[in-house]
Amino acid sequence: MGELAIEVSDLRKSYGSVEAIRGLSFEVERGQVFGLLGPNGAGKTTTVEILEGYRDRNGGHVRVLGHDPARRDRRLQERVGIVLQDSGFYPRLTVQEAVAHMGRAYPKPRDTDGTVGLVGLSDSANVRSNKLSGGQRRRLDLALALVGDPELVFLDEPTTGFDPAARREAWEVVRSLRDLGKTVLLTTHYLDEAQALADRVAIVKDGAIVAAGPPGELAPSSAGYRVSYLANGERVSHQTADPTDLLHRLTGDAIARGERLQGLEVARPTLEDVYLELTDVEDEPGA
Amino acid sequence: MSSVALAWQQFRLERKLFWRNPSAAFFSFVLPLALLLLFASVYAGNDDLLEVLIPGIAGLSVMATTFNSMAFNLTFLREQGILKRLRGTPMPTVSYLAGFLGSAVLNAFVQVMLVVTIGHLLYGVSWPQDWGALVVFTGVGVIAFGSLGIALSHAIPNFDSAAAYVNAIFLPVMFVSGVFYSSEKLPPVLEGAAGALPLKHVIDGLSGAIVTGAGVADNVEALAVVILWGAAGMLLAVRGFRWE
């Protein structure tokens, strides 16, 4: 382990005069669930589609499982599963037929029924795909991506448009991928999704990565820990990069006065704080 | 699985999908046959007219099963993201296209045989005089109309408008190309238009094969026109190809 599944450095892509990707770099280790998080239009899908071999790049170094995806080498495609943001399959094929058909293109496909079961579609195996619900169709997408038993799975906004229950179910499937030892590259504009699923997160803004790390450890540069307590019924709040000294002082003063610190809270910066600070800077200059 | 085996699997899938889509099967299979039965019942007993109609409907069938179905299907497959999905798998493009096109080719040949058989059994038109020419003109017609249909699909913005685009071409071509009557009876302008388009020449070739016994050697000019259209169609089909 520790080997890299994906290496991207100084990736560049322009559409006409518009620079969609401006020197984007990140690495994904094997067995990791990696989340590319960012607002719509940040360049997430363009990046993923370059890694999937759908788009050429204008510059930069890219390796996916040791291959350059731009070459569209069949040996790479046999080891990768792709769930696109929005793509259908033959509406008049049943789930079972669709998965079986796609499996034939791979050298060592998973068992069809097992794959259908893995995504929770066993009860709908003989239903035609145009009769499936939105959530079920997304699971079929996943089954079609998994039937080749890929080492690496790309999931481009796998839960956009889902209701909360369907999202939770989709999350369970992603977690099961991790349990199978797959490497997963996930894009999302949902913070909670990145926080819930990803081992590492990179925040993308304007075609470049502005922060990267495990979702629990991403720290905003300005706002730090928030320490707050109640004084005379009103909440007093302090921001600090390191709460150790502040807490020592606050509690020491309170003890010296013989009081209790009512409602003391120490909050670590959430991914949301980081995300908002990093992605909204231009909209709210004062923030 | 080898590329050939995958092409076979894709072909079998396409056959299954074809029969599961009754409206598409209707338009490419049943409509030409319905037109055949309708006009043949009007022309019944008039051998001259029947000998125009049978090769005419056979040529129309070649166009409907390839040009129309390619333009419709590819627009649909592209709009649904099915082409893009397939592109992300190890399915070789050549296998996919061979299976996909093979199914349309089979439809065209089956349809031509149905028309010829109905013409013989119901209306007393003779069996084809030159089977080789029948196969050649059906074959080059399939290639020309198939690639032109693929090329047209690049220009169709979405599936909802596909019928309008296809019929805007299919219907006028059908009426000027001598499907139901000899195109020589048309005003010179329309006759000239028919002469520049491929369908009339496919029909001329099929007419030679079925009715007069004129073989490929006697219809070299018609063959050349169809091949030219096919070459232009292939160029446009390949150069403009979009997966999404």
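Protein sequences appear in the order of chains A and B.
With this note's numbering applied, the first sequence corresponds to residues -7 to 279, in that order.
With this note's numbering applied, the second sequence corresponds to residues 1277 to 1520, in that order.
Heads up, the beta-carbon is just placed ideally off N, CA and C, and yes, glycines get one too.
As the structure is a prediction and not an experimental result, all values here were calculated from the model.
In summary, the residues of the region 1354 to 1370 of chain B whose CB is separated from some CB of chain A by less than 8 Å are Q1356, G1357, I1358, K1360, R1361, R1363, G1364, T1365, P1366, M1367 and P1368, in the order they occur in the chain. Fewer than three beta-carbon pairs drawn from the region 35 to 43 of chain A and the region 1313 to 1327 of chain B are found closer than 8 Å, and the two stretches are therefore not classed as touching. Among the residues of chain A, none has a CB under 7 Å from the CB of L1307 of chain B; the nearest is roughly 20 Å distant. Using a Cβ distance threshold of 8 Å, G27 of chain A and G173 of chain A do not count as a contacting pair. As for any alpha helix (DSSP H) of minimum length 4 sitting wholly inside the region 1340 to 1396 of chain B, the runs are 1345 to 1355 and 1358 to 1363, ordered along the chain. Among the residues of chain A, those whose CB is under 7 Å from the CB of R1296 of chain B are R84, following chain order. Taking a contact as a CB-CB distance under 8 Å, the pair I195 of chain A and A188 of chain A does not count as one, their CB atoms being some 16 Å apart. For the region 82 to 135 of chain A, the full-length alpha helix (DSSP H) segments reaching 4 residues or more read 87 to 95 and 104 to 110 along the chain.
Contact residues of the region 154 to 182 of chain A toward chain B are absent (C-beta to C-beta distance below 8 Å).
For a Cβ distance threshold of 7 Å, residue set G1364 of chain B lies close to I74 of chain A, ordered along the chain.
Interface flag for M1346 of chain B against chain A is unset, since no Cβ pair is found closer than 8 Å. The C-beta of Y7 of chain A comes no closer than 8 Å to any C-beta of chain B. Only exposed fits F1302 of chain B, as fewer than 16 other CB atoms lie within 10 angstroms of its CB. Annotation for V1370 of chain B: S1279 and A1283 place their beta carbon closer than 8 Å to its own, counting only its chain and skipping 5 residues before and after.
Proximity of chain A to Q1285 of chain B at the Cβ level (cut-off 8 Å) is accounted for by H93 and R96, in chain order. By alpha-carbon distance to A97 of chain A, the top candidate from B:Y1399, B:R1361 and B:W1505 is B:R1361. Straight-line measurement puts the Cα of G1454 of chain B at about 6 Å from the Cα of G1332 of chain B. In the three-state reduction of the DSSP assignment, H1430 of chain B falls in the helix class. With respect to chain A, the C-beta atom of L1373 of chain B has no partner C-beta closer than 8 Å. Per DSSP, reduced to three states, the secondary structure at K36 of chain A is helical. Shown here, D2 of chain A sits in a strand according to DSSP, grouped into three states. The beta-carbon of L1282 of chain B is placed less than 8 Å from the nearest beta-carbon of chain A. Between the region 58 to 71 of chain A and the region 1338 to 1355 of chain B there are fewer than three inter-stretch CB-CB distances shorter than 8 Å, so the stretches are not counted as touching. For M1389 of chain B, not one C-beta of chain A is nearer than 8 Å to its own C-beta. DSSP places E1290 of chain B inside the alpha helix (DSSP H), whose first and last residues are S1279 to W1295.
Contact between the region 85 to 93 of chain A and the region 159 to 175 of chain A is absent: fewer than three C-beta pairs spanning the two stretches fall below 8 Å. Under the Cβ distance rule, L1289 of chain B counts among the residues neighbouring chain A, one pair being separated by less than 8 Å. The region 1411 to 1420 of chain B and the region 1470 to 1481 of chain B touch, with no fewer than 3 CB-CB distances between them shorter than 8 Å.
Sequence-distant Cβ neighbours of P83 of chain A in its own chain, meaning closer than 7 Å and more than five residues away, are R120, S121 and N122. Between the region 153 to 173 of chain A and the region 10 to 18 of chain A there are fewer than three C-beta pairs closer than 8 Å, too few to call the two in contact.
Residue state for K1476 of chain B is assigned as helix, using DSSP reduced to three classes. P61 of chain A sits buried, since 16 or more C-beta atoms from the chains shown fall within 10 Å of its C-beta. Non-local C-beta neighbours of L183 of chain A in its own chain, meaning closer than 6 Å and more than five positions away in sequence, comprise L263, E264 and Y267, ordered along the chain.
Think of a sphere of 7 Å around the beta carbon of L1397 of chain B: no beta carbon from chain A falls inside it, the nearest being about 33 Å out.
The CB of L1293 of chain B comes closer than 8 Å to the CB of Y82, R84 and L85 in chain A, given here in chain order. In the structure shown, the three-state DSSP call for D148 of chain A is strand.
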